[in-house]
Amino acid sequence: MPQFKPAVRLALLDALLILLMAVLAACGLVYEYLLSHYAGRVLGAVEHAIFATIGLMIVAMGFGSFAARKIQHAITGFAWLEVLIGLIGSVAIIFIATCISFSFYLPQIIADTFAIPPDALPRGGFFEASFQFARNLPYVLAAILGFFIGMEIPLIARVREELHQQHLTHNAGTIYGADYIGAGIGAAIWILWLMTIDISQAAVITASVNWVAGLVVLVVFWSKIKAKMTLAGLHLLMLLAIIVLSFFGKQWMHNLTDMLYRDNVVFQTQSKYQQLVLTERNLGPNFDSIVNLYLNGRLQFSSQDEAIYHEFLVHPVLSASARQEKVLVIGGGDSLAVREILKWQPKRIDLVDLDNSVIELFKQPEALLSPRLADKISGLTQGAFQHESLNIINADAFNQVDTLISQQQTYDAIIVDLPDPNHPDLNKLYTNYFYLRLNQLLSADGAIVVQSTSPYHAKDAFISIGKTLADSQFSQVEQYHFNVPSFGEWGWTIATKQGMPASQRIKTAELPGSLTWLTHDLIHASFQFPKNYYQDYADIKINYLGSQVLYQYHDQAWRIREGKLVELTQDKN
Numbered sequence: 001m002p003q004f005k006p007a008v009r010l011a012l013l014d015a016l017l018i019l020l021m022a023v024l025a026a027c028g029l030v031y032e033y034l035l036s037h038y039a040g041r042v043l044g045a046v047e048h049a050i051f052a053t054i055g056l057m058i059v060a061m062g063f064g065s066f067a068a069r070k071i072q073h074a075i076t077g078f079a080w081l082e083v084l085i086g087l088i089g090s091v092a093i094i095f096i097a098t099c100i101s102f103s104f105y106l107p108q109i110i111a112d113t114f115a116i117p118p119d120a121l122p123r124g125g126f127f128e129a130s131f132q133f134a135r136n137l138p139y140v141l142a143a144i145l146g147f148f149i150g151m152e153i154p155l156i157a158r159v160r161e162e163l164h165q166q167h168l169t170h171n172a173g174t175i176y177g178a179d180y181i182g183a184g185i186g187a188a189i190w191i192l193w194l195m196t197i198d199i200s201q202a203a204v205i206t207a208s209v210n211w212v213a214g215l216v217v218l219v220v221f222w223s224k225i226k227a228k229m230t231l232a233g234l235h236l237l238m239l240l241a242i243i244v245l246s247f248f249g250k251q252w253m254h255n256l257t258d259m260l261y262r263d264n265v266v267f268q269t270q271s272k273y274q275q276l277v278l279t280e281r282n283l284g285p286n287f288d289s290i291v292n293l294y295l296n297g298r299l300q301f302s303s304q305d306e307a308i309y310h311e312f313l314v315h316p317v318l319s320a321s322a323r324q325e326k327v328l329v330i331g332g333g334d335s336l337a338v339r340e341i342l343k344w345q346p347k348r349i350d351l352v353d354l355d356n357s358v359i360e361l362f363k364q365p366e367a368l369l370s371p372r373l374a375d376k377i378s379g380l381t382q383g384a385f386q387h388e389s390l391n392i393i394n395a396d397a398f399n400q401v402d403t404l405i406s407q408q409q410t411y412d413a414i415i416v417d418l419p420d421p422n423h424p425d426l427n428k429l430y431t432n433y434f435y436l437r438l439n440q441l442l443s444a445d446g447a448i449v450v451q452s453t454s455p456y457h458a459k460d461a462f463i464s465i466g467k468t469l470a471d472s473q474f475s476q477v478e479q480y481h482f483n484v485p486s487f488g489e490w491g492w493t494i495a496t497k498q499g500m501p502a503s504q505r506i507k508t509a510e511l512p513g514s515l516t517w518l519t520h521d522l523i524h525a526s527f528q529f530p531k532n533y534y535q536d537y538a539d540i541k542i543n544y545l546g547s548q549v550l551y552q553y554h555d556q557a558w559r560i561r562e563g564k565l566v567e568l569t570q571d572k573n
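Each residue of the sequence shown is one higher than the one before, counting from 1 in UniProt numbering.
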């Protein structure tokens with residue numbers, strides 16, 4: 001270090017330590033978010049996974065703070081700490097993904113090795129236990145990282161006092177102030193940037209900053225650190241890991257993700273809001289391939305039977321509406337619902353979807369996919385995005401409906417085609433508050449339909465959606481269901497503002513002649529449910545804004561089903 005007067009040198013070192021504390025706090029918070037975000041993606045129950053991961057890290061940080069007193073040489077301990085945090089942080093996501101993919105694919109590896117038939121794959125016991133352990137690795141690594149991160153503040157506080165050779169009255173306040181500010185900056189960087197890029201690259205960037213901070217500590221305090229060469233070697237090892245992951249980490253993550261799907265992953269990207277994955281199953285030269293869309297690992301449609309889902313979503317509600325000239329679609333960024341609406345020759349369709357990445361993928365597939373796959377997607381959408389009647393509104397539907405109300409818009413029919421309420425942000429779009437505002441947008445003789453998850457696997461959630469819609473000033477609310485092979489039994493809720501219920505209106509309405517699956521008889525049959533299906537109706541709660549009732553119903557159903565299935569990404573719930 002350059003020669004300065006002792007007082008100046010001390011002030012510079014002190015400022016450096018405070019700056020390092022802020023930088024490391026930012027890295028620590030990003031590590032929390034990385035692990036919690038990935039845990040949510042892997043475990044499915046997003047809110048529980050995120051909160052549990054962060055909570056576990058905070059508790060582990062407390063234990064780390066207590067354990068820091070056992071470190072006899074503060075500056076050496078601090079140097080070791082940073083290289084360990086950087087090493088673990090850089091490889092954590094790849095390590096978790098590798099373990100999950102290996103445990104998921106292990107039965108197939110054994111079957112291929114010993115020529116076991118596909119219908120006799122080894123399941124249960126050791127295989128399921130190893131799979132569940134791998135899925136819970138985010139919690140294990142969160143605890144380890146949290147423990148080490150928790151040691152930082154006590155150690156850096158001791159280093160400051162050793163430099164000043166006296167007790168510092170405001171030492172704790174200074175360190176915690178730097179920590180809080182750094183954590184806030186880390187949160188902002190995560191939200192504005194790191195959350196929008198590949199998660200493995202976000203880990204590499206964070207670990208790189210951690211590596212620089214650790215190297216600064218090693219160089220500046222070289223004369224005071226013990227085991228210098230060992231630490232220098234670990235820093236070189238960490239640098240090597242960062243370089244390798246920066247070049248190959250993204251592709252490795254894609255390959256590992258590919259292993260979790262039954263079919264070949266042909267496209268994947270991380271938008272600001274979710275992970276998008278397209279898979280393809282080739283059945284042979286004489287058959288069309290099957291393309292599936294997954295959002296955050298959950299199936300949204302399969303080309304082999306999406307027509308069943310979308311025809312049941314769109315045509316009953318349009319049949320129940322007095323007119324079909326102006327239609328509002330909430331969600332449905334893949335345009336497949338719009339494709340069906342266009343069969344009624346509407347004058348205007350307003351489509352409100354938050355994630356522009358989904359829209360661009362299906363609007364211009366040739367820009368993102370291979371020519372063959374782009375042709376496949378174009379064959380599904382049938383040019384829906386290019387139709388002159390379609391008006392795309394890229395916005396949060398929860399807020400956009402207020403804008404539409406202020407513009408005094410009204411619609412002949414409203415179609416709500418959102419993902420299941422598996423996150424609090426989605427739950428609000430299933431509340432009576434949101435439905436009341438949609439009611440204001442619906443014409444008096446119009447009808448509304450809401451995709452309503454599985455009436456079999458998520459019965460309470462399904463009934464709650466119907467009950468919530470009934471609490472939103474719709475006079476006639478009915479539910480119907482049908483089997484969509486890719487999803488299983490699936491349900492919808494349909495409502496009108498006045499007059500006859502939708503099921504009665506549909507009887508006298510004509511369906512477009514270009515449908516591939518739907519008939520009047522199938523529609524009428526879909527309104528029938530088993531005896532005593534609604535026997536617990538009175539006990540099911542309405543999903544009020546802020547109550548998270550529907551999210552909890554859906555999450556509970558997901559957890560129950562998770563206990564029975566080991567496939568990560570084969571259902572929409």
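Ideal Cβ placement from N, Cα and C applies to all residues, glycine included.
Contact check, residue i vs residue j, beta carbons under 8 Å
| i | j | result |
| --- | --- | --- |
| Glu-306 | Glu-340 | no |
| Gly-77 | Tyr-31 | no |
| Tyr-551 | Pro-424 | yes |
| Tyr-534 | Gly-488 | no |
| Leu-43 | Ala-49 | yes |
| His-387 | Leu-436 | no |
| Gly-182 | Ala-26 | yes |
| Ile-225 | Leu-231 | yes |
| Phe-221 | Ile-75 | yes |
| Gly-124 | Met-61 | no |
| Phe-434 | Phe-462 | no |
| Ile-54 | Ser-65 | no |
| Ser-319 | Arg-561 | no |
Buried versus exposed, by CB contacts within 10 Å (16 or more), residue i
| i | result |
| --- | --- |
| Trp-492 | buried |
| Asp-334 | buried |
| Thr-468 | buried |
| Thr-431 | buried |
| Trp-211 | buried |
| Trp-193 | exposed |
| Met-21 | buried |
| Ile-154 | Note on identity: in this sequence residue 154 is Pro, with Ile being the wrong assignment. Flag for Pro-154 reads buried. |
| His-164 | exposed |
| Phe-248 | exposed |
| Asn-422 | buried |
Length of the line joining the Cα atoms of residue i and residue j
| i | j | result |
| --- | --- | --- |
| Ser-464 | Gly-383 | 36 Å |
| Leu-518 | His-315 | 8 Å |
| residue 574 | Phe-104 | The question about residue 574 has no answer here: the residues shown for the chain are numbered 1 through 573. |
| Asn-532 | Ala-538 | 13 Å |
| Val-23 | Val-338 | 48 Å |
| Ile-58 | Leu-10 | 32 Å |
| Leu-12 | Arg-160 | 12 Å |
| Asn-255 | Thr-279 | 13 Å |
| Asn-286 | Asn-427 | 43 Å |
| Gln-570 | Val-209 | In this prediction, Gln-570 has a pLDDT of 38, which is less than 50 and means its spatial position is unreliable; what the coordinates show is noted afterwards. Computed Cα separation, rounded: 37 Å. |
| Leu-568 | Met-253 | A caution first: Leu-568 carries a pLDDT of 37, below 50, which makes its placement in the model unreliable, though a value can still be read off. Spanning the two alpha carbons is a distance of roughly 16 Å. |
| Gly-28 | Leu-137 | 18 Å |
| Tyr-273 | Leu-354 | 8 Å |
| Ile-523 | Phe-474 | 21 Å |
Residues that DSSP places opposite residue i in a beta bridge
| i | result |
| --- | --- |
| His-481 | Gly-491 |
| Thr-279 | Val-265 and Asn-292 |
| Gln-382 | DSSP, once it has assigned bridges, lists no residue as partnering Gln-382. |
| Gln-451 | Trp-492 |
| Gln-270 | Gln-275 |
| Asp-112 | Paired residue(s): none; Asp-112 is not in a bridge. |
Reduced DSSP category for residue i - H, G, I as helix; E, B as strand; rest coil
| i | result |
| --- | --- |
| Leu-436 | helix |
| Arg-561 | helix |
| Ala-129 | helix |
| Phe-312 | helix |
| residue 615 | What the structure shows of the chain is the stretch from 1 to 573, and residue 615 is not part of that stretch, so it cannot be assessed. |
| Ile-330 | strand |
| Gln-476 | strand |
| Ile-414 | strand |
| Arg-323 | coil |
| Asn-532 | coil |
| residue 632 | With the chain running from 1 to 573 in the structure shown, residue 632 is simply not present. |
| Ser-443 | strand |
| Asn-136 | coil |
Residue i: CB within 7 Å of a non-hydrogen atom of the ligand SAM
| i | result |
| --- | --- |
| His-457 | In terms of ligand content, the structure shown is empty, and the ligand SAM therefore cannot be addressed. |
Residue-level contact to chain D via CB, residue i, 8 Å cutoff
| i | result |
| --- | --- |
| Ile-185 | Any reference to chain D falls outside this structure, which holds one protein chain only. |
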